[in-house]
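*Asks:*
Protein chains in written order, with my numbering: chain C, 79 to 264; chain B, 20 to 193.
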C-alpha cells in the first residue's frame, strides 16, 4: 500500500463493486470477483494489497467484505467512493434476498432452493478455491509462513478455533518471528 | 418487538460476532423466534437459507428477517445497521499505513496473510463437505474450476454456465 493510490470515478467504483456483488456463495465469492476485477483486469492494486485489506477487514467488528468495500472505495474515491462501493456491493444480494423473502409463501416449500444448492453454490465454491490458490501463491515455499498457514488450517478444520482468534494469533506470531523482508514473489 | 429493538439487536450481535453471519444465527434465533416470537422457526430458517442462496454476503439474511417482520423499511434499517460499522476499518487502516515500515508490523501482516489463505481453504473445505457429497454438485464445481483456470473465462459467466449445466444434469438424471 506504499505506492501512490490509483483514483477512480464513483460511477466506475459502483460498476466494479456491483459486478462483484453478484458473487454467489458469500463474502469470499465477492472477494474472488473483486480480485479478478481490481487486480487481474484493471491492475488498480496488487494481490498482496487486496489480501492485506481483507485481513484487516477480518478484524473489524462487521462483515469482512463490508470493511473491504469501505476501505477500497475510500482509497479509490474518498467518501463518495466508499458509499458507491458499499451500496453497489450490497445491491444485488439485498434486492434478491428481500424479493425472495416476499415470495416465502410460494418458494418456502418448493424445489427451487434445492436447485440453487446443486448449481450456484458449488460453482461459487470453485471460484473461492481458485481465489484461495491464487492468493496462496504469495506464500514462498518453503518458509515459516507455510508452516504457520498449515498450522492455522489444522486449527481451523481440526479444532474449530475461532477464525478471528486465528488471524490475530497469526499476526502476533508473525510480528515476533517474521520480521525480515518478504522473500515471496512481489 | 419494535423495529428499533430489532435494529439494536442486529447492531449489537453484528459487532459482537465481528459480522460473522453463521455465528449470529443462534443468538438471533433465541431472541427473535423463542423469546419475542417475531418470526416462526420456519420463516427464520427460510430467511437464513436465502442469505446463502442469493448473491453477496451471507449476513444479508438479516434483511430478509426484517422484511418479513417490518417490510421494506425494516429491511433497509437493518442493512444499514450491519453495513455502517464497516467505516471502523478506516482508522485501523490509517494506523497500518503509518506503521507498515516497522518490522513488527510487517511481520504481523505476513502472519495475517498466511493465516488468511488457510481460512479461505478451510471455508472451501467446510462448504465442500456440506455440498459435494451430492454428486450433482460436482458438475457445477468442476466445470467452474475448469472454465476459470484452464479457459480463463469471466468468473460470473463461468459460474452461471456451470450452474446451468449442473441444473440441467440434475433435471435429466434426477
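Built from N, CA and C at the ideal position, the CB exists for glycine as well.
Which first and last residues belong to the alpha helix (DSSP H) in which residue 142 of chain C is found?
*Replies:* Position 64 of the first chain holds residue 142 of chain C. It spans 142 to 180 - the alpha helix (DSSP H) in which residue 142 of chain C sits, taken as one unbroken run.
*Asks:* Decide if residue 263 of chain C is buried, meaning its Cβ has at least 16 other Cβ atoms within 10 Å, or exposed.
*Replies:* Locating residue 263 of chain C in the first chain gives position 185, counting from the first residue. Bear in mind that the predicted position of residue 263 of chain C carries a pLDDT of just 37, short of 50, making it too unreliable to give a figure here.
*Asks:* Using the Cβ count rule (16 or more neighbours within 10 Å means buried), how would you classify residue 91 of chain C?
*Replies:* Here the question's residue 91 of chain C lines up with position 13 in the first chain. With 16 or more other Cβ atoms within 10 Å, it is buried.
*Asks:* For the stretch 125 to 149 of chain B, which residues have a CB atom closer than 8 Å to at least one CB atom of chain C, in sequence order?
*Replies:* 125, 126, 127, 128, 129, 130, 131, 132, 133, 134, 135, 136, 137, 138, 139, 140, 141, 142, 143, 144, 145, 146, 147
*Asks:* Along the chain, where does the alpha helix (DSSP H) that runs through residue 32 of chain B open and close?
*Replies:* One-based indexing of the second chain puts residue 32 of chain B at position 13. Its alpha helix (DSSP H) spans residues 22 to 35.
*Asks:* Let me know the secondary structure DSSP gives residue 74 of chain B once reduced to three states.
*Replies:* For the purposes of this step, residue 74 of chain B is identified with residue 55 of the second chain, where counting begins at 1. Residue 74 of chain B: strand per DSSP, three-state reduction.
*Asks:* Are at least three pairs of beta-carbons, each pair with one atom in the stretch 161 to 178 of chain C and one in the stretch 144 to 152 of chain B, less than 8 Å apart?
*Replies:* no
*Asks:* When DSSP labels each residue in this structure, what does residue 89 of chain B get in the three-state scheme?
*Replies:* To locate residue 89 of chain B, count along the second chain from 1; it is residue 70. If DSSP states are grouped into helix, strand and coil, residue 89 of chain B belongs with the helices.
*Asks:* So, are the CB atoms of residue 100 of chain B and residue 26 of chain B less than 7 Å apart?
*Replies:* Sequence index remark: in the second chain, residue 100 of chain B carries index 81 (1-based). Sequence index remark: in the second chain, residue 26 of chain B carries index 7 (1-based). Yes. Within cutoff.
*Asks:* Determine, using beta carbons only, whether residue 101 of chain C and residue 107 of chain C come nearer to each other than 7 Å.
*Replies:* Within the first chain, numbered from 1, the residue matching residue 101 of chain C stands at position 23. Within the first chain, numbered from 1, the residue matching residue 107 of chain C stands at position 29. Going by C-beta atoms, residue 101 of chain C is nearer than 7 Å to residue 107 of chain C.
*Asks:* With 8 Å as the C-beta to C-beta threshold (strictly closer), list the residues of the stretch 83 to 104 of chain C near chain B in chain order.
*Replies:* 97, 99, 100, 101, 102, 103, 104
*Asks:* In angstroms, rounded to a whole number, what distance separates the CA positions of residue 159 of chain B and residue 104 of chain C?
*Replies:* Here the question's residue 159 of chain B lines up with position 140 in the second chain. Here the question's residue 104 of chain C lines up with position 26 in the first chain. Roughly 17 Å separates the two Cα atoms.
*Asks:* Are any of the Cβ atoms in chain B nearer than 7 Å to that of residue 264 of chain C?
*Replies:* Your numbering for residue 264 of chain C matches position 186 in the first chain. Low confidence applies here, because residue 264 of chain C scores a pLDDT of 35, under 50, leaving its location unreliable; read the following figure in that light. Answer no: the Cβ-Cβ gap between residue 264 of chain C and chain B never drops below 7 Å.
*Asks:* Short of 8 Å Cβ to Cβ, which residues in the stretch 153 to 175 of chain C face chain B?
*Replies:* 160, 164, 167, 168, 170, 171, 172, 174, 175
*Asks:* Using 7 Å as the threshold, is the C-beta distance between residue 79 of chain B and residue 175 of chain C below it?
*Replies:* One-based indexing of the second chain puts residue 79 of chain B at position 60. One-based indexing of the first chain puts residue 175 of chain C at position 97. Residue 79 of chain B places its beta carbon less than 7 Å from that of residue 175 of chain C.
*Asks:* At what residue ranges does the stretch 127 to 184 of chain B contain a whole run of the alpha helix (DSSP H), taking only runs of 4 or more?
*Replies:* 154 to 164
*Asks:* My guess is that residue 212 of chain C and residue 115 of chain C are in contact by the Cβ rule of under 8 Å, so how many angstroms apart are they, rounded?
*Replies:* Position 134 of the first chain, counted from the start, is the residue given in the question as residue 212 of chain C. Position 37 of the first chain, counted from the start, is the residue given in the question as residue 115 of chain C. Contact between residue 212 of chain C and residue 115 of chain C does not hold, since their C-beta atoms are separated by about 13 Å, which reaches or exceeds 8 Å.
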